[in-house]
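Each number in our numbering corresponds to the 1-based position in the sequence shown with 574 added. First up is the structure itself, then whatever we jot down about it.
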Amino acid sequence: MSRRGFAAAALAALATMTQGSAAPRPAQGTGAAGGPGRGGAATGEMRGMWVATVTNRDWPSRPGLSAGRQRAELLADLDAAVRARLNTVMLQVRPTADALWPSPHEPWSQYLTGTQGADPGWDPLGTAVAEAHARGLQLHAWFNPYRVALHADPSRLAASHPARRNPRWVIPYGGKLYFDPGLPEVRAFVREAMLDAVRRYPVDGVHFDDYFYPYPVAGQTFDDDAAYDRYGAAFPDRAAWRRDNVDRLVRETAEGIRAIRPGARFGISPFGVWRNADVDVRGSATRAGVQSYDDLHADTRKWAQENWIDYICPQLYWHIGFAAADYATLLPWWADVVRGSGTRLYAGEALYKAGDPAQPAAWQDPAELSRHLTLAKRYPEVRGHVFFAAREVTADPVGAMARVVADHYGRPAGPPS
Numbered sequence: 575m576s577r578r579g580f581a582a583a584a585l586a587a588l589a590t591m592t593q594g595s596a597a598p599r600p601a602q603g604t605g606a607a608g609g610p611g612r613g614g615a616a617t618g619e620m621r622g623m624w625v626a627t628v629t630n631r632d633w634p635s636r637p638g639l640s641a642g643r644q645r646a647e648l649l650a651d652l653d654a655a656v657r658a659r660l661n662t663v664m665l666q667v668r669p670t671a672d673a674l675w676p677s678p679h680e681p682w683s684q685y686l687t688g689t690q691g692a693d694p695g696w697d698p699l700g701t702a703v704a705e706a707h708a709r710g711l712q713l714h715a716w717f718n719p720y721r722v723a724l725h726a727d728p729s730r731l732a733a734s735h736p737a738r739r740n741p742r743w744v745i746p747y748g749g750k751l752y753f754d755p756g757l758p759e760v761r762a763f764v765r766e767a768m769l770d771a772v773r774r775y776p777v778d779g780v781h782f783d784d785y786f787y788p789y790p791v792a793g794q795t796f797d798d799d800a801a802y803d804r805y806g807a808a809f810p811d812r813a814a815w816r817r818d819n820v821d822r823l824v825r826e827t828a829e830g831i832r833a834i835r836p837g838a839r840f841g842i843s844p845f846g847v848w849r850n851a852d853v854d855v856r857g858s859a860t861r862a863g864v865q866s867y868d869d870l871h872a873d874t875r876k877w878a879q880e881n882w883i884d885y886i887c888p889q890l891y892w893h894i895g896f897a898a899a900d901y902a903t904l905l906p907w908w909a910d911v912v913r914g915s916g917t918r919l920y921a922g923e924a925l926y927k928a929g930d931p932a933q934p935a936a937w938q939d940p941a942e943l944s945r946h947l948t949l950a951k952r953y954p955e956v957r958g959h960v961f962f963a964a965r966e967v968t969a970d971p972v973g974a975m976a977r978v979v980a981d982h983y984g985r986p987a988g989p990p991s
């Protein structure tokens, strides 16, 4: 989705790994949230939905469909967002260093035709923007900066792929391929590849999920020695250098968006835990097995507090009462992070867990997510919610989304402020 995309469930499981206890540090906010309660008028709150294309998670339903069938499925997802009284769609348009628009930099995505580089015969991103706007929805283009492939064989990439033309840019890790964030030329390339879409289309936003440096894989090393030897001398350690690399990408992308399309918003949806309080007193009272600052080298707290981004949407993919990472602990922690900043806070919601028999009892209750929105009303910094993902918004197997709509989305929403 991330939202974190297809790996969200696995990463949520990582949070059960304990790393010691910590004293709670939630800041208790009061007052009404940015959005309405039942029957109220929407006042600029975010009501979002992710549409994941990686591995055909949400759309298109499978590769190789005709252009007409792909378009029909996309419009059905947009219509589902309207029925759920949402106002924003985050469409994944660059899942694996590829494109869902005619990019001059990267090949067409394999998730459209089944063959990377094959022209699908239409323009999915252009169509999505136009059709979303026709329905009163905003469209945020969702990019994954550094993931190249979900396999480790460069020969399987399209012959024109930049990873094949520039093999030293690429690092195999955990059975996948990644661009090396430590190379300035890589950062320049991925930034330009993403900004091409911002130049071409009137997107309302640019969206990153939680993938920066890859999630750690036990027993393996992300081999960026060459880049570190060349560029890391000014830093106290490799971790600080890696965080600076990610910081640079975020700042430079923000600058590019402002220069090209000043009205577009830039938002990031990080893993929900920045750091545990037992390793940093500024952290949350959690015992998560993954911490974005340490493991993904993403200082998400700094980006929000220093207003590098317009909004932050942490993936709070746990239920109220979950011991290792309690939604009721993390929501006020993030509210405290953005308080006094210019960064909007939206909560990423795990709709995909509702009714999943593999999930604990809390997720078998269709009212769990509705309780999340009720809790959020206590914190005025929480300006809305984004749901993972489109497949569950449409199917709503246990009625969790319908419960959210009935309890909280009494009227259609205007655009998020």
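Ideal Cβ positions, reconstructed from N, Cα and C, are used throughout, including at glycine.
Of the other Cβ atoms in all chains shown, 16 or more fall within 10 Å of the Cβ of A950; this residue is therefore buried.
A direct Cα-Cα distance of roughly 11 Å separates A723 from G748. Annotated as proximal: R816 and Y787, with beta-carbon spacing under 7 Å. When the Cα atoms are used, F845 and Y789 turn out to be separated by approximately 10 Å. Within a 10 Å sphere around the beta-carbon of P971 sit fewer than 16 other beta-carbons, which makes this residue exposed. Contact annotation: R835 and V911 have beta-carbon atoms that are not nearer than 7 Å. Counting C-beta pairs closer than 8 Å gives fewer than three between the stretch 869 to 883 and the stretch 791 to 808, which falls short of the contact rule. Taking C-alpha positions only, V864 is separated from H871 by approximately 11 Å. The DSSP-derived three-state label of S858 is strand.
Sequence-distant partners of F809 (beyond 5 residues in either direction) whose C-beta falls short of 8 Å from its own C-beta, in its chain, are W815, D818.
Each of L686, E619, T627, G618 was checked against the Cα of G642, and the nearest Cα belongs to L686. Between the stretch 723 to 740 and the stretch 694 to 711 there are fewer than three inter-stretch CB-CB distances shorter than 8 Å, so the stretches are not counted as touching. Secondary structure note for P758: its alpha helix (DSSP H) is the uninterrupted segment 758 to 774. Straight-line measurement puts the Cα of S640 at about 23 Å from the Cα of A671. For G922, the enclosing beta strand (DSSP E) has its first and last residue at 918 to 923.
The beta carbon of L649 is closer than 8 Å to those of E705 in its chain, skipping five residues each way along the sequence. Nearest C-alpha to D693 among V703, E680, R659: E680. Taking each of P698, A673, G622 in turn and checking the Cα distance to M664, the smallest one comes out for G622. Bridge partners of V956 according to DSSP: L919. S991 and A859 have their C-alpha atoms roughly 30 Å apart. With a 10 Å radius around the Cβ and a threshold of 16 neighbouring Cβ atoms, G688 comes out exposed. S843 sits buried, since 16 or more C-beta atoms from the chains shown fall within 10 Å of its C-beta.
Within the stretch 610 to 667, the complete alpha helix (DSSP H) segments at least 4 residues long are 641 to 657, listed from N- to C-terminus.
Restricted to the stretch 691 to 721, the beta strand (DSSP E) segments that are unbroken, complete and at least 3 residues in length are 712 to 717, listed in chain order. The way I'd put it, the stretch 967 to 981 does touch the stretch 917 to 936; three or more beta-carbon pairs between them come closer than 8 Å. Distance from the Cα of R945 is smallest, within the candidate group V979, R918, T917, for V979.
The residue among A935, L947, D869 with its C-alpha nearest the C-alpha of P906 is L947.
In the DSSP assignment, K750 is bridged to Y747.
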